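Sequential numbering of the sequence shown, starting at 269, is according to my numbering.
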Amino acid sequence: LGWQVRFEQLHIDGAALEVRRDAQGRFFVAGIEIRSSAAEHSDSGGSGTDWLLAQREVAVRNGRVRWIDEQRGATALELSAVDLVLRNGLARHELRIDATPPAEVGQRFTLQGDFRQPLLVARSDWRRWSGTAYAELPHTDAGALRQWLPALPVEVPAGMGALRLWAEIADGQPRSVQADVALRDVQLRFPGRAQALALQRVQGRISAERQGRTLRIAAQDLTFASGT
């Protein structure tokens, strides 16, 4: 009925992909631009993304991903043993990624997303998606990881331990973020402060929510021990 080939499941084994964000914020997968607006789509970009997001299930097993972020000027991040599952419905997209980073960054981690889109927009118009995103890092070096993370209200130059993070997304933008942290040997740098705060350990839940131009930060069951 859609006048195109659609699969119940598309299975890919051992794929190696380069994912890149250029200085202008455009995303490329294997050299193909992933565009956000149906009006901007080219035959090699948007139509291919729409087709992929129309497949009921896409599974990638034992893949490799090289993430290059030219906008942040970060070094390339090499991920191995990448398992990805993408399930698509009429207006819903569910995504799960399990991947292993370099040993100096941390252990194998999980990313999940559950997103909905308006019915009358192109599937690839991800700037219209809303939903939740989740990340679980059972053991990571926060200092090594921070160059690939989006800007946070509080900078974490150092810290070893576990992180779990939930984000509410509205129209492609994070509306609120909640994180469970259990870190040791931590350094925190607050806005407007040149010197970092050193802590032996910090544990608890931290949340941030943006309302217009106001950013609200809260903590729950937060405990810490100073470095002195």
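For every residue, glycine included, the Cβ atom is placed at its ideal position computed from N, Cα and C. All values derive from a computational prediction rather than experimental measurement.
field: Buried versus exposed, by CB contacts within 10 Å (16 or more), Ala284
entry: In this structure Ala284 is exposed. Its beta-carbon is surrounded by fewer than 16 other beta-carbon atoms within 10 angstroms.
- prompt: What first and last residue would you give for the beta strand (DSSP E) that runs through Leu358?
  reply: Where Leu358 is concerned, there is no enclosing beta strand (DSSP E), given that its DSSP letter is neither H nor E.
- request: Could you spell out where the alpha helix (DSSP H) holding Gly411 opens and where it closes?
  value: Where Gly411 is concerned, the enclosing alpha helix (DSSP H) stretches over Ala410 to Leu413.
message: Please report the straight-line C-alpha distance between Trp335 and Leu451, rounded to a whole angstrom.
response: A straight-line Cα-Cα distance of about 26 Å links Trp335 and Leu451.
query: How close, in whole Å, do the beta carbons of Ala430 and Pro406 come, if the pair is a contact with beta carbons under 8 Å?
result: That pair is a contact at about 5 Å.
field: Reduced DSSP secondary structure (H/G/I, E/B, other) of Thr317
entry: Thr317: helix per DSSP, three-state reduction.
query: CB Arg396 to CB Gln380, shorter than 8 Å?
result: A distance of 8 Å or more separates the beta carbons of Arg396 and Gln380.
message: Looking only at its chain, what residues have a beta carbon closer than 6 Å to the beta carbon of Leu354, apart from the 5 residues adjacent to it on each side?
response: Cβ contact annotation for Leu354 (same chain, cutoff 6 Å, sequence separation greater than five): Val326 and Leu363, in chain order.
task: Please report how far the alpha carbon of Leu358 lies from the alpha carbon of Leu387, in whole angstroms.
output: As the crow flies, the alpha-carbon of Leu358 is around 8 Å from that of Leu387.
field: Bounding residues of the beta strand (DSSP E) (the contiguous stretch that carries Gln277)
entry: Careful: Gln277 lies outside any beta strand (DSSP E) and carries neither H nor E.
query: According to DSSP, is Ala291 helix, strand or coil?
result: Annotated three-state conformation of Ala291 is coil, per DSSP.
- prompt: Just the Cα atoms here: how many angstroms apart are Arg289 and Ala344?
  reply: Taken atom to atom, the span from the alpha-carbon of Arg289 to that of Ala344 is near 11 Å.
message: Measuring alpha carbon to alpha carbon, tell me which residue in Asp409, Arg329 and Ile437 is nearest Pro370.
response: Out of Asp409, Arg329 and Ile437, the CA that lies nearest to the CA of Pro370 is found in Asp409.
task: Indicate the three-state DSSP secondary structure (helix, strand or coil) for Ala327 in the structure shown.
output: Ala327 falls in the strand class under three-state DSSP.
query: Measuring CA to CA, which of Glu372, Arg376 and Ala401 is closest to His361?
result: Cα-wise, what sits closest to His361 is Ala401.
Terminal residues of the beta strand (DSSP E) in which Phe458 lies: Segment: none, Phe458 is in no beta strand (DSSP E) and carries neither H nor E.
- prompt: Helix, strand or coil: which one does DSSP assign to Trp416?
  reply: Under the three-state reduction of DSSP, Trp416 is assigned to helix.
query: DSSP three-state call for Arg395: helix, strand or coil?
result: In the structure shown, Arg395 sits in a helix (DSSP, three-state: H, G or I).
message: Considering only their Cβ atoms, is the gap separating Gln277 from Arg324 smaller than 8 Å?
response: Result yes, Cβ atoms of Arg324 and Gln277 sit closer than 8 Å.
- request: Identify which residue in Gln471, Trp434 and Leu467 has its Cα closest to the Cα of Glu477.
  value: Comparing alpha-carbon positions, the option among Gln471, Trp434 and Leu467 lying closest to Glu477 turns out to be Trp434.
query: Do Asp281 and Arg329 have their C-beta atoms within less than 8 Å of each other?
result: Yes, they are a contact pair.
message: Please state the DSSP three-state secondary structure of Ala322.
response: The three-state reading of DSSP puts Ala322 in helix, counting H, G and I together.
- prompt: What is the DSSP secondary structure of Leu345, reduced to helix, strand or coil?
  reply: The answer is strand: DSSP assigns Leu345 an E or B state.
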